[in-house]
Amino acid sequence: MKRLSRATLYLAALFIFVFIPVATHAQDDPFVHLANSAISFFTPMQGTVTSAFDNTVTSDLNSSNGIQVGMRLEITRPGAPFLHPVTKEQIGVLESHVGKAEVIAVTADSSTLRVMKGTPQKGDILRISSALVRTLFFQSSDVDWNVSQEYYEMLQDTGRLNLLDTAPGAVDEDAILNEARNKGAEVVLILTSAKKGDDLILKQRLLWVNDGRQISADMAAIGPEMLADIRLGSELFTPKKSFVVSFDIPYSVQLVSAGDIDGDGKQELIMGTYSSLSFYNADKPQEQLFGDLEYDGPNSEQIIWLDVYDLDGDKKDELVITSKSSKRVISRIFSYEDGKLVRRFKDNQFLRVIDGKLYGQDFNATEGYRGAIHPVSWNKSAPVTAGVAFNLPEGVNLYDFNFIENLKGEKWLLAFDPSGHLDLYDTKLNRVWTSLINYGEGVKSFNKMSASTADAQSVDDTKESLSREEWMVNERIYLLGRSAVIIDRAPVQKRIPGIGIRNSQIMGLNWMENSFQEVPMFKDISGNVKDVSIIGDKIFILTRPPMGFDAKKLLKGKNPLINKLYIYSLTGV
């Protein structure tokens, strides 16, 4: 049977999206059933202790309030009234925390609770607050990824759970609970599955983290038609190798990095568009940090390089941002101070951090890079440059290389050549190895201006006559110990430029005496890997789907213009 081309698949998907209504699940949707079952134990409510005896209390909360066996409620005691500082009107009552109790029986008139902590008395308040419940989401390795992703997104949409992620695997309850405690979770949700005829049986267990007691156990059947609908389009988008978790990311995000900008000892995840940066919790990439804190450059600029490093030794990382405008390059250094990003340096040259030190290279509109790479001493007013930093092969510029330590502890040079291959140079700049793989041209390219246009200093881009020659910003060469990590992309069709990237892989370059062995670390990542960041034992991979859209979301009537952030574990790689 002849396979359909990607263009045909795209047109078919577009036809389905535009002309055929997407089926909606009925009221007995198994995901809705499981999600409602889970969040029902965390329904916000408030009642009063009507009597207390030994280690039990009774409450005025009853079956009509939604209270059920297994719930745990906080106990507080009303105190002095809280008055408005000006009008002296009572606006509330101060409360003191007394303890916690678990529901063990419910009737139409009342409920009975077992006291877990504290010494409650009649008149105390029992409450489940509206705060999100920190929940570790664990899926067994036997659960279909598409199924778990669909359910994960539904749980997020409930607005009741703050989901914490962990790698799929075998169900080891003690290990799962220990990880949940380390992550500060209150509840664990364990998802497993089994086949029953043509149906997939999805099983869910909820456990309290502090003592491991089971809250509830439930299951739901997913029929073959619904399962096919869930998987629809996944073959066009989903990576083949198992990853820890993934998140939808705005289409405009182009780069991902990491650093500790506030000095709290924890890495922040940094995501950027062409002209702005935002900061997120590395453990939960959809949780933005620092309120509305953002770096915003002019819309006419494009970020071409970002380094995050503690340049001044204050235990807070600085942001070294190099941007390209219509005719010039602008580099800025920011630090986080008093809840703001404060600009501490600005200059018209390329900047980069190498081995913990700041280096620069001059920019020229007619050439792109000009002159030697030099050290930069920076302060709040102007840069100080001193001599040539180090010798490099001819044609190697500031963003073309990285230093990597060989097995003898010597620092050799790994650099891109104009063809897109990687070259390895020894300490005497003898080329000793060239990569088998062509990793492609630079990830960003800019036209060189003619001398007359560059001298005119016009801000009207429409009047510029640009030459066909370009200067490139090459792929970043990441280091992982003595290994190098590089992105390898395969276009949809090499003979038709501009269609897009079919798939990508993350390559590891491992030392073999005086050369490297090129080994795939993560293969078959569908689409274009835009950027990578390594935080501890995890690698964050920012990916744009093939053809620039998510076929699975398109076929389901959702917005297909998204990027994806995949998080893989480096353990065992």
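The sequence shown lines up with residues -17 to 555 when you count with this note's numbering.
Backbone N, C-alpha and C fix where the C-beta goes; we use that ideal spot for every residue, glycine too.
Counted within 10 angstroms of its Cβ, other Cβ atoms place residue i as buried (16 or more) or exposed
i     : result
S401  : exposed
N545  : buried
Q559  : Outside the modelled stretch of the chain, which goes from -17 to 555, sits residue 559, for which no answer is possible.
E135  : exposed
V324  : exposed
E168  : buried
E300  : buried
V370  : exposed
F(-3) : Confidence at F(-3) is low in this model, with a pLDDT of 41, below 50, so the placement of that residue should be treated as unreliable; the coordinate-derived value is given next. It counts as exposed.
S282  : exposed
G29   : buried
G338  : exposed
M494  : exposed
F316  : buried
S359  : exposed
Y550  : buried
P26   : exposed
Candidates the options: closest to residue i by CA position
i    : options                : result
F504 : I285, Y548, W493       : Y548
T40  : D91, P12, T25          : D91
E392 : P375, L380, L411       : L411
R484 : D470, L16, D320, D408  : D470
P542 : A87, Y233, V191        : Y233
P60  : G48, S45, L76          : L76
D246 : E319, L288, V358       : E319
M489 : L524, F498, N47, P502  : P502
L171 : W493, D519, Q138, K178 : Q138
I212 : S19, D11, S112         : D11
I419 : P527, F398, D147, S427 : F398
L461 : L340, N144, I517       : I517
N128 : I312, V227, Y550, S551 : V227
A149 : K185, W453, S130, V358 : S130
R413 : K185, G48, F498        : F498
F520 : I252, A264, K512       : The residue asked about is misnamed: residue 520 is Lys in this sequence, not Phe. Measuring from the Cα of K520, the nearest candidate turns out to be A264.
K306 : V153, V238, F428       : F428
S33  : G105, A62, M201        : G105
D294 : K266, A202, T69, I243  : I243
Assumed close pair residue i, residue j - CB separation to whole angstroms, cut-off 8 Å
i    : j    : result
Q270 : F261 : 7 Å
D181 : I204 : 6 Å
F372 : Y351 : About 15 Å; that fails the 8 Å criterion.
T255 : Q236 : 6 Å
N456 : Y407 : With a Cβ gap of about 16 Å, N456 and Y407 do not count as contacting.
S22  : Q50  : 7 Å
T94  : T38  : 6 Å
R464 : E387 : 5 Å
S515 : A240 : 5 Å
S175 : V125 : 5 Å
N510 : I459 : With a Cβ gap of about 18 Å, N510 and I459 do not count as contacting.
A347 : K309 : 5 Å
M98  : G81  : 7 Å
G56  : R109 : Residue identity differs from the one stated: residue 56 is Glu in this sequence, not Gly. Contact flag correct, Cβ pair sits at about 5 Å.
N330 : V311 : 6 Å
Residues sharing a beta bridge with residue i, DSSP
i    : result
I355 : Its beta-bridge partners do not exist; DSSP assigns none.
M136 : Looking at the DSSP assignment, M136 forms no beta bridge with any residue, so it has no partner.
R187 : I172, A199
Y256 : None; Y256 has no bridge partner.
R109 : Q28, E56
T409 : According to DSSP, which records beta bridges pairwise, T409 is partnered with nothing at all.
D317 : Sequence inspection shows Ser at residue 317; the Asp mentioned does not correspond to that position. BP columns for S317 point to V324.
Y548 : S228, I523
S122 : G151
V88  : S93
P502 : M489
G81  : I57
T38  : F35, R96
K266 : N263
V455 : K426
F345 : Y351
G241 : E250
V311 : K306
Minimum Cβ-Cβ distance from residue i to chain B less than 9 Å
i    : result
H356 : This model lacks chain B altogether; it includes just one protein chain.
Original post:
If you pair each beta-carbon of the segment 118 to 126 with each one of the segment 143 to 160, do three or more pairs fall below 8 Å?
Top reply: yes
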